[in-house]
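Asker:
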Amino acid sequence: MLLFAGLTAALAAACGDDAPAVDEVAETPTTTHGATPSSPSSPATEERSTPWPVPIEDEIDGSWGIEILAEIPHDPTAFTQGLEVDRGRLLESTGRTGESTLREIDLADGEVLASVPLDAELYGEGLTVLGDEVIQLTWRAGRALRWDRASFAPLGEFTYDGEGWGLCAAGDELLMSDGSATLTKRHGSDFAVIDTVEVRRAGEPVELLNELECIDGLVLANVWRSDEIMVIDPDSGRVRATIDAAQLRASVDTADPAETLNGIADLGDGTVLLGGKNWPRHFVVRLTAGGG
103 MLLFAGLTAA
113 LAAACGDDAP
123 AVDEVAETPT
133 TTHGATPSSP
143 SSPATEERST
153 PWPVPIEDEI
163 DGSWGIEILA
173 EIPHDPTAFT
183 QGLEVDRGRL
193 LESTGRTGES
203 TLREIDLADG
213 EVLASVPLDA
223 ELYGEGLTVL
233 GDEVIQLTWR
243 AGRALRWDRA
253 SFAPLGEFTY
263 DGEGWGLCAA
273 GDELLMSDGS
283 ATLTKRHGSD
293 FAVIDTVEVR
303 RAGEPVELLN
313 ELECIDGLVL
323 ANVWRSDEIM
333 VIDPDSGRVR
343 ATIDAAQLRA
353 SVDTADPAET
363 LNGIADLGDG
373 TVLLGGKNWP
383 RHFVVRLTAG
393 GG
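Sequential numbering from 103 applies to the sequence shown in our numbering.
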């Protein structure tokens, strides 16, 4: 497979698609080459494609695999906590205390186009886009940072109890993970809790749910220090399918258990971008029926 082979076509469809502010958390975005974050493009007019390899309404406890279509270079110093494609822009949240950032990444070559550092005491976690804002979790600070979607200007924050791990948007609501087997549904306007659901596979709780991606009424979830991705019905908590992505870790050749699979972004054309912490490459994949 050639690097970037077919990547332009694979990403062509990706261009589609609150609470009172408190203390601001960052200054003007730090950018490369004097650039500022690019403005989101208008939504694509063509109908988007879902990534499911089988009719999802018929799938119960399925086993899926992946097919690698393309690779994108990735900053190996970036501890990936969350990925989101927003109308053709790839957004990334990176973690670790004193190193956490919000970034815009060039989908074609992996170049960092813009980067905003978080306050030094904060540990960045998952992120999502809701309306005109990017919402970025922090690990143990109980702060969800709010950024202007186009400029990365700080807009304030929400607060929450417990830890923040993963976040995704479903309509005007949010789904959040905290490292347990629980998903918490929240109002997008004020981050208030609506409901919680326990995620179960074959009747057993799935702990350590991490990065989340909401796609067509379902949730894809990384599991910390695992090569598996759960496909979850957020209403019942039932795992519809388990995706085996072990070949990605083998491809980046890392033995560090901290450098785990993490980061999921729907590209809108039937493919998904998958990443990992400190990985030198991220991957455009197609989901396939059958594990492995």
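Even glycine gets a Cβ: it sits at the ideal position worked out from N, Cα and C.
Give the list of continuous beta strand (DSSP E) stretches no shorter than 3 residues that lie fully inside the stretch 159-187.
Answerer: Whole beta strand (DSSP E) segments, 3+ residues: 164-175.
Asker: Is the number of C-beta pairs between the stretch 330-341 and the stretch 350-361 that are closer than 8 Å three or more?
Answerer: Touching, no.
Asker: When you compare the CB positions of Glu186 and Leu192, do they come within less than 9 Å of one another, or not?
Answerer: Residue numbering aside, residue 186 sits at position 84 when the sequence shown is read from its first letter. Residue numbering aside, residue 192 sits at position 90 when the sequence shown is read from its first letter. Yes, they are a contact pair.
Asker: Starting from Leu224, follow the alpha helix (DSSP H) in both directions and report where the run begins and ends.
Answerer: Along the sequence shown, read from residue 1 onward, the residue named residue 224 stands at position 122. Note, Leu224: premise wrong, no alpha helix (DSSP H); not H, not E.
Asker: Rounding to the nearest angstrom, what Cα-Cα distance links Arg89 and Asp208 in this structure?
Answerer: No information on residue 89 is available, as it lies outside the stretch 103 to 394 that the chain covers here.
Asker: So Ala348 is in the alpha helix (DSSP H); what residue range does that whole segment cover?
Answerer: Residue mapping note: residue 348 aligns to position 246 of the sequence shown, counting from 1. First-last of the alpha helix (DSSP H) with Ala348: Ala348 to Val354.
Asker: State the DSSP-derived secondary structure class of Pro145, mapped to helix, strand or coil.
Answerer: One-based indexing of the sequence shown puts residue 145 at position 43. Here the model assigns Pro145 a pLDDT of 47, short of 50, so the residue's position is not dependable, and the following value carries that caveat. The answer is coil: DSSP assigns Pro145 none of H, G, I, E or B.
Asker: Do Trp326 and Gly378 have their C-beta atoms within less than 9 Å of each other?
Answerer: Locating residue 326 in the sequence shown gives position 224, counting from the first residue. Locating residue 378 in the sequence shown gives position 276, counting from the first residue. Cβ distance not < 9 Å, so Trp326 and Gly378 don't count as in contact.
Asker: Specify, as a first and last residue, the run of the beta strand (DSSP E) that Gly258 falls within.
Answerer: Here residue 258 refers to the residue found at position 156 of the sequence shown. Taken as a continuous stretch (DSSP letters only), the beta strand (DSSP E) holding Gly258 covers Pro256 to Thr261.
Asker: Report all residues from its chain with a CB closer than 6 Å to the CB of Asp329; omit the five preceding and five following residues, and keep chain order.
Answerer: Working through the sequence shown from its first residue, we reach residue 329 at position 227. So the qualifying residues of the chain are Ala347, Ala348, Arg351 and Leu363.
Asker: Say the cut is 8 Å; is the CB of Leu322 nearer than that to a heavy atom of the ligand FMN?
Answerer: Of the ligands one can find in the structure shown there are none, so the ligand FMN has no counterpart to examine.
Asker: With DSSP as the reference, label Gly378 as helix, strand or coil.
Answerer: Within the sequence shown, residue 378 is the residue found at index 276, counting from 1. DSSP places Gly378 in strand when its eight states are reduced to three.
Asker: When we look at the beta-carbon of Ile334 and count the other beta-carbons within 10 Å, is it buried (16 or more) or exposed?
Answerer: What you label residue 334 is simply residue 232 of the sequence shown in a count that begins at 1. It counts as buried.
Asker: Taking the beta carbon of Ile237 as the centre, do at least 16 other beta carbons fall within 10 Å, making it buried, or is it exposed?
Answerer: By one-based count along the sequence shown, residue 237 stands at place 135. Counting Cβ neighbours within 10 Å, Ile237 comes out buried, since at least 16 surround it.
Asker: Rounded to a whole number of angstroms, what is the C-alpha to C-alpha distance between Ser253 and Gly244?
Answerer: Here the question's residue 253 lines up with position 151 in the sequence shown. Here the question's residue 244 lines up with position 142 in the sequence shown. Each residue's Cα considered, the two are about 24 Å apart.
Asker: Quick check on Ala210: does DSSP put it in helix, strand or coil?
Answerer: Here residue 210 refers to the residue found at position 108 of the sequence shown. Three-state DSSP puts Ala210 in coil, outside helix and strand.
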